[in-house]
Every structure is written in structure tokens, then in C-alpha cells.
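Report on the structure given below.
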Amino acid sequence: MGVSPKIILSIILAGILVFSLAGYAGAFGKGGSGKLEYKVYSKDQIMSGAYKVYGNPKLGFWVAKVVLRNTGKGDITDIRITYSIDRYATQSEKNYPVLVPNGTIVDLYYPILSSEVTKLTASTPINLHITIRYRINGEEREETMTRSLSILGVNDFVFSSLSPEESTGSFYDVFNNAELLAAWVTPSDPVVREFADMGNKLAGGAGASLSDDEAIKSLSGMWELALRNGFSYKTEGTGYWTGKFSEHIMFPRDVIRDKSGTCVDLALWFASLAMSQGLKAYIVLMPGHAFPLIELPSGAIIPIEATAINSGVSFQEAVQVGLETWQKAMSGPHFILDIAELQSQGIVPPELPELPADVLSKWGITLGGANQGGGGGNTNGNGGGNNGGNNNNNGGNTGGNWATYNGVYFSFSYPADWDAPEDYGGYVYMISPDGEFEFMVLYAQGAGVEDMIYAFESSLGEAGITIKARQETQSSIAGLTAYTVIYSLSSDYGDYAALARYFTAGGMGFAVVYDIDKNSANYDAYNQLGEYIVSTFRVG
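Start counting the sequence shown at 1; every next residue gets the next number (the UniProt record's numbering).
Below you can see the structure in the form of C-alpha cells.
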């Protein structure tokens, strides 16, 4: 196989790596003393109404960040970082085997919060506890710190969690938490379902998901029910749209109870009603306003100006006003929130208190005796509003044409039109046809994580490759937690980014590594490809 001179983890490394794995096993930890420097960052507020998002690392809503740096000349080992939040999150721990000189670890805390937080009705101060334990030359040391934060009441929403230093002041920064509004959309709430069913009854038993006409009848019936019961639009208070303060956001059941809400409240309410009937719903957020979009069974999308409920207009008129609002939104900065997609990602509502079965009648919600809520009507609401939001990139998947490498100790998938990976005894190596992406697996019997790190990084140095920067974290592979290092590398042939996962399984030490030429036009695609290959990696 021909090797491009651009390649940095190529055959030049083969002999060195095999020698390193044999010669350096157990040799990790040589040198002087390590010195730990750390910084701790924490969020000021947690939204209890969206409490489930904080425990999902994929969503990225961390509560604390610990940055560790070794500024000494020796290794820092057996690093353990523990976190807890008084009363609402039990202790959790993250472990890192080693922090080498000049290395950095960035650890993010995603707490699994108790549902008890949803019982809070006002901002409540609480303590976050963090302890860092580690060893330097065998001596255990400990750093302990406490940070104060507030858990907001279940109806409190913070539009932006960016600090003044992080925010540019743009619409997108001022409302960078907009996606969390999906946690306030509650189509499964029995109160919402009963209200929607009453609206359907008013419309003559429409089946919203059957056809566009039936959907319009159903939506019209729910709108008419709100009109008959005196629903109204409540003007937002001063400062509501500045993003500087927590704002009171009502759950749809609260809107039904109070028969009123802000534009955000009404948008969430009507989106919930539509979704309870099997229709897709979106929320549009624009400067100073919010409104819902409803997708009909045909795929046509209609905007509803929910605040028009204040004027007592028909549903068809609310759609016509909504079309004008939509045009304004599309001409400036805006968010379109795909509620079903966001909820599938984990931005889901909290548990809400159980209410009596007859709660709607207790709240005075009745069918009334006014005119039937106009069935059907041509809304002409196509408007070209298919909002995207379904970016189903499979990260490097080349249309399903995959082959499988089956070795003695492990297997993984790779693009079928590439040359097959080669086993050089101690490591398996594969390269993309254009020479800009490499994937390799190092393995050694009896080696530990520290041995694999030491061997790999020493081999880079001996091959004339400079580690310009390294960031340490954790990730998963084959169902295991792996000590993970993100490298910035430099050689005579150019600059490269590499990601290595180090772990042990079945008495073997492993390093699964891929690297990409930083100047590659396909950098993002190759990064996705690397992660996809890693997701197929299996031990045994």
C-alpha cells in the first residue's frame, strides 16, 4: 500500500509503536513531581421545569465544569472528581487514571436531579459540592469547594444562560435557551387532552390526523372552545424580552385554568393541543413575539396568531394574521423549534401534579351555547414553511456500503470501498484513499491505560511529531468508559487533529485513534466518520 508523505501515524510509527508497547509497559510515571492547578465554573441557575435536560450529556446543559492542568514535571494519577447538590442530586464521581505534565482535563457535571425540584414554586438557593482527589508520587491529596446556585421555581424560565462575557448581545445569544421551551409543551397532560377532546366534540368529532380538512375542523373546534370560555392574551411585562431575567412561563394546563397567557404561553398551549391530536407543532420565536406553526397531515404548515384570541376572531382569521406574522419573522432573526424532535432528544416536560378528573368543569370550562366553531375553511396556509430541523446526518455513513474488520481481539466497520485495514502485530492500521484520514487500533496483552498512553505519546515524539496541545476527558466505546485525549499535532508534513480513546478489556490494553489533516476540505465529514467507526467497535 502506498503511503502519502502527509501521513503522520503511518508505517514510520509501526516499529516504534511495537517497541514502545513492549518496552514501556509498566514504565509510566517516571520523572519529577506533578503540580495541579484547577479552575471551577458553575451555572448560577437551574430551571426545575426543564430539570431532566441537565442529566443528559448529549444536550450539553452542564451545571459545573472543572478544568485541571498539570504544571509540574511528573504525572498526577488516580484523579477522582465528585459532585453533589444538596437534597436534589446524590454524589456522583468521575475518574481519570493520569494527568501528564502540561496536560489538561476538562470535566463536565451533568447531575441527575430529583423530581422533587418540580415542587419548588420560587427560586431556592442551594449548594453544589465538588471534591477533587488525586495522587502525586503516591501521596493522596484533596481539594474541596462549594459553589452556591439557585434552583428556579417550576414555572421560571431563563432565556439565556450565557455570561456577559460570552454573549454578543445578538438575538440568538439573548435567547440561547429557546430550545428548552419544548419542556413546556405537554400534549400528554390529561388536562390538555380533555380540553382538546371537548374542542373536537364542538367540531363534530373531527379526526385531526386523517386529512387536512379534518385537522382544520379539529383546530377550529379547540379555538372556538377557547373563545366561548373567554380566553385572552396577557401582555408581557417590561423586560420580558431582554433575556436578563427569569420569566414566568405557564404550562398549558395553567393557561386553561387562568384562561389567559402571554404570547409564549398561548403558543405553547395551542402547540400542545395540536400535538395531543397527532399533529406536528413548531414554535416560532422572533424579537418580541412567539407563535405556533401546525403541520397538517399533507405536510402543509399553517401559522396561528394565538394572541388574536383576545380579539374574538375566528380560527381562519387567526391563521390569516399568522401568515402576516410569519412573513415578518422570516425576514429577521428567529428560531423555529421542532417540538417533537426536541422532545425526542430529551427536552421533555417535568412530572406535573395529578389533578381531579373533573378539573375542567371546576375551572368553569364548558362547551357553552354559541355558534359552532366553523368547520373546515381553506386557509391557503402552505407558505413554504417546512422548517428543517431534521438534519439526520449519519456522520460519515456512505450510503450503507460498509465492510467489517474481524480481528482476534476486536472488530469494527469501515467504508467498503477503502483498502482493508492491515494488522501489523500490535496495531491495526487503515487510511482513507485521499490520505487525509487515518484510523488505528493499538493493543497489547497485560498493558494498562497508563502504558498505552505512554507508549503512544512517546512514539509520537520519537517519530518527530509534536504534541502542540492535548485535552483530556471521558467518552465511551464498546459500552466501556474510555480515558480520552484530543490532540493537536504538528509535523514537517502539516498539522493534524487526533482523538485517542484508551481503555482495557479482557486483559488487553487498547488505544483506538483516528487523526485528520487540519487542512482537509472534508474535515467535518472525516470527524463524523471517525466517530461512526468508533461506534461500531466491539471487543472480542
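Glycine included, C-beta positions come from ideal geometry on N, C-alpha and C. Source: prediction; values computed, not measured.
For this session: State the beta-bridge partners of His129 as determined by DSSP.
Result: By 1-based counting over the sequence shown, the position of residue 129 is 129. His129 pairs with Ser84 and Thr146.
For this session: Say whether the segment 330-337 touches the segment 272-292, bearing in mind that this needs 3 or more beta-carbon pairs closer than 8 Å, one atom from each stretch.
Result: yes
Exercise. How should Ser163 be labelled, buried or exposed, when 16 other C-beta atoms within 10 angstroms of its C-beta is the threshold for buried?
Worked result: In the sequence shown, counting from the first residue as 1, residue 163 sits at position 163. Ser163 is exposed by the Cβ-count criterion.
Exercise. Candidates Leu352, Ser276 and Phe270: which alpha carbon is nearest Pro303's?
Worked result: Here the question's residue 303 lines up with position 303 in the sequence shown. Per the Cα distances, Phe270.
Exercise. Any idea if Gly389 is buried or exposed, counting beta-carbon neighbours within 10 angstroms, 16 or more meaning buried?
Worked result: In the sequence shown, counting from the first residue as 1, residue 389 sits at position 389. The pLDDT assigned to Gly389 is 35, lower than 50, so where the model puts this residue is not dependable; a value taken from the coordinates is nonetheless given after this. So Gly389 ends up on the exposed side.
Problem set entry | Which listed residue (Pro350, Met330 and Ile81) has its alpha carbon closest to that of Val66 | Position 66 of the sequence shown holds residue 66. Among Pro350, Met330 and Ile81, the Cα nearest to that of Val66 is on Ile81.
Exercise. Between Pro111 and Leu149, what straight-line distance do the alpha-carbon atoms span, to the nearest angstrom?
Worked result: As a working note, residue 111 is residue 111 in the sequence shown. As a working note, residue 149 is residue 149 in the sequence shown. Between Pro111 and Leu149, the C-alpha separation is close to 13 Å.
For this session: Return the bridge partner residues of Val441 from the DSSP annotation.
Result: Within the sequence shown, the letter at position 441 stands for residue 441. The partner list for Val441 (beta bridge, DSSP) reads Val428 and Val512.
Exercise. Can you tell which of Leu180, Ala482 and Lys73 has the C-alpha that lies nearest to the C-alpha of Ala50?
Worked result: Along the sequence shown, read from residue 1 onward, the residue named residue 50 stands at position 50. Of the candidates Leu180, Ala482 and Lys73, the one whose C-alpha sits nearest the C-alpha of Ala50 is Leu180.
For this session: Would you mind stating whether Asp189 and His248 have Cβ atoms separated by less than 8 Å?
Result: Working through the sequence shown from its first residue, we reach residue 189 at position 189. Working through the sequence shown from its first residue, we reach residue 248 at position 248. Contact: no.
For this session: Leaving out five residues on either side along the sequence, give the residues of the same chain with a beta carbon under 7 Å from the beta carbon of Glu37.
Result: In the sequence shown, counting from the first residue as 1, residue 37 sits at position 37. The answer, listed in chain order, is Arg69 and Thr71.
Problem set entry | Cβ separation of Gly509 and Gly448, assumed to be a contact under 8 Å, to the nearest whole Å | Here residue 509 corresponds to residue number 509 of the sequence shown, with the count starting at 1. Here residue 448 corresponds to residue number 448 of the sequence shown, with the count starting at 1. Indeed they touch by this definition, with Cβ atoms about 6 Å apart.
For this session: State whether the segment 186-205 contacts the segment 222-232, with contact taken as three or more CB pairs (one from each stretch) at a distance under 8 Å.
Result: yes
Problem set entry | Close-in-space but distant-in-sequence residues of the same chain around Arg470 (CB under 6 Å, 5 per side omitted) | Indexing the sequence shown from 1 puts residue 470 at position 470. So the list reads Gly103, Val485 and Tyr487, once near-sequence residues are dropped.
Exercise. Apart from the five residues on each side of it in sequence, which residues of its chain come closer than 7 Å, Cβ to Cβ, to Phe537?
Worked result: To locate residue 537, count along the sequence shown from 1; it is residue 537. Around Phe537: Phe410, Phe412, Ile477, Ala478 and Val512.
For this session: Answer yes or no: do Val106 and Asp75 have a C-beta to C-beta separation smaller than 8 Å?
Result: In the sequence shown, residue 106 corresponds to position 106, counting from 1. In the sequence shown, residue 75 corresponds to position 75, counting from 1. Contact flag unset, no.
For this session: Starting from Glu247, follow its DSSP beta bridges and name the residues at the other end.
Result: Numbered from its first residue, the sequence shown carries residue 247 at position 247. Phe157, per the DSSP bridge assignment.
Problem set entry | Span separating the alpha-carbon of Ala482 from that of Pro421 | Counting from 1 along the sequence shown, the entry for residue 482 is found at position 482. Counting from 1 along the sequence shown, the entry for residue 421 is found at position 421. C-alpha separation (whole angstroms): 23 Å.
Problem set entry | Helix, strand or coil at Thr307 [DSSP, three-state] | Locating residue 307 in the sequence shown gives position 307, where the first residue counts as 1. Three-state DSSP puts Thr307 in a helix.
Exercise. Expressed to the nearest angstrom, what Euclidean distance is found between the alpha-carbon atoms of Gly34 and Lys73?
Worked result: Indexing the sequence shown from 1 puts residue 34 at position 34. Indexing the sequence shown from 1 puts residue 73 at position 73. Cα to Cα, the separation comes out at about 5 Å.
Exercise. Thr168 to Val174, Cα distance in whole Å?
Worked result: Taking the first residue of the sequence shown as position 1, residue 168 is located at position 168. Taking the first residue of the sequence shown as position 1, residue 174 is located at position 174. Each residue's alpha carbon lies about 8 Å from the other.
Exercise. Mind checking Asn406: buried by the 16 CB within 10 Å criterion, or exposed?
Worked result: As a working note, residue 406 is residue 406 in the sequence shown. Looking at its Cβ environment, which holds fewer than 16 other Cβ atoms inside 10 Å, Asn406 is exposed.
For this session: Can you tell me which of the three DSSP states Glu341 falls into?
Result: Translated into the one-based positions of the sequence shown, residue 341 becomes position 341. Residue state, collapsed to three classes: helix.
Exercise. So, is Glu295 buried or exposed, given that buried needs 16 or more other C-beta atoms within 10 angstroms?
Worked result: If you number the sequence shown from 1, residue 295 lands on position 295. Its Cβ being crowded by 16 or more others within 10 Å, Glu295 is buried.
Exercise. Where do the N-terminal and C-terminal ends of the alpha helix (DSSP H) with Glu317 fall, by residue?
Worked result: Position 317 of the sequence shown holds residue 317. Taken as a continuous stretch (DSSP letters only), the alpha helix (DSSP H) holding Glu317 covers Phe315 to Met330.
Exercise. What residues match up with Val284 in a beta bridge as DSSP calls it?
Worked result: Taking the sequence shown and counting its residues from 1, one reaches residue 284 at position 284. DSSP lists Phe291 and Ile336 as partners of Val284.
For this session: Under 7 Å Cβ to Cβ from Gly433, same chain only, skipping five residues before and after it: list those, please.
Result: Residue mapping note: residue 433 aligns to position 433 of the sequence shown, counting from 1. Checking the displayed sequence, the identity of residue 433 turns out to be Pro instead of Gly. Contacts found: Trp418.
For this session: Work out the CA separation of Ile309 and Asp524 for me, nearest whole Å.
Result: For this step, residue 524 is matched to residue 524 along the sequence shown. For this step, residue 309 is matched to residue 309 along the sequence shown. So the alpha carbons of these two residues sit roughly 47 Å apart.
Exercise. What whole-angstrom Cβ distance do Pro252 and Ser272 have, given they're in contact under 8 Å?
Worked result: Position 252 of the sequence shown, counted from the first residue, corresponds to residue 252. Position 272 of the sequence shown, counted from the first residue, corresponds to residue 272. Between Ser272 and Pro252 the Cβ distance is about 4 Å, and since that is below 8 Å, they are a contact.
Exercise. Under the rule that 16 or more other beta-carbon atoms within 10 Å means buried, what is Thr404, buried or exposed?
Worked result: Translated into the one-based positions of the sequence shown, residue 404 becomes position 404. It is exposed - the Cβ of Thr404 has fewer than 16 other Cβ atoms within 10 Å.
For this session: Measure the C-alpha to C-alpha separation of Lys119 and Ala182 and round it to an integer number of angstroms.
Result: Mapped onto the sequence shown, residue 119 falls at position 119. Mapped onto the sequence shown, residue 182 falls at position 182. If you take the alpha carbons of Lys119 and Ala182, they lie about 20 Å apart.
For this session: Tell me whether Glu531 sits in a helix, a strand or coil according to DSSP, three-state version.
Result: As a working note, residue 531 is residue 531 in the sequence shown. The answer is helix: DSSP assigns Glu531 an H, G or I state.
Problem set entry | Nearest residue (CA-CA) to Ile136, options Thr121, Arg193, Thr77 and Lys234 | For the purposes of this step, residue 136 is identified with residue 136 of the sequence shown, where counting begins at 1. Among Thr121, Arg193, Thr77 and Lys234, the Cα nearest to that of Ile136 is on Thr77.
For this session: If I'm right that Val63 touches Lys94 with Cβ under 8 Å, what's the distance once you round it to whole angstroms?
Result: Start at 1 with the first residue of the sequence shown, and residue 63 comes out as number 63. Start at 1 with the first residue of the sequence shown, and residue 94 comes out as number 94. 13 Å between Cβ atoms; not a contact.
For this session: Following the continuous alpha helix (DSSP H) through Asp197, name the residue where it begins and the one where it ends.
Result: As a working mapping, residue 197 is identified with position 197 in the sequence shown. Start and end: Pro190 to Leu202.
For this session: Would you tell me roughly how many angstroms separate the C-alpha atoms of Glu457 and Glu450, rounded to the nearest one?
Result: Along the sequence shown, read from residue 1 onward, the residue named residue 457 stands at position 457. Along the sequence shown, read from residue 1 onward, the residue named residue 450 stands at position 450. Approximately 11 Å between the Cα atoms of the pair.
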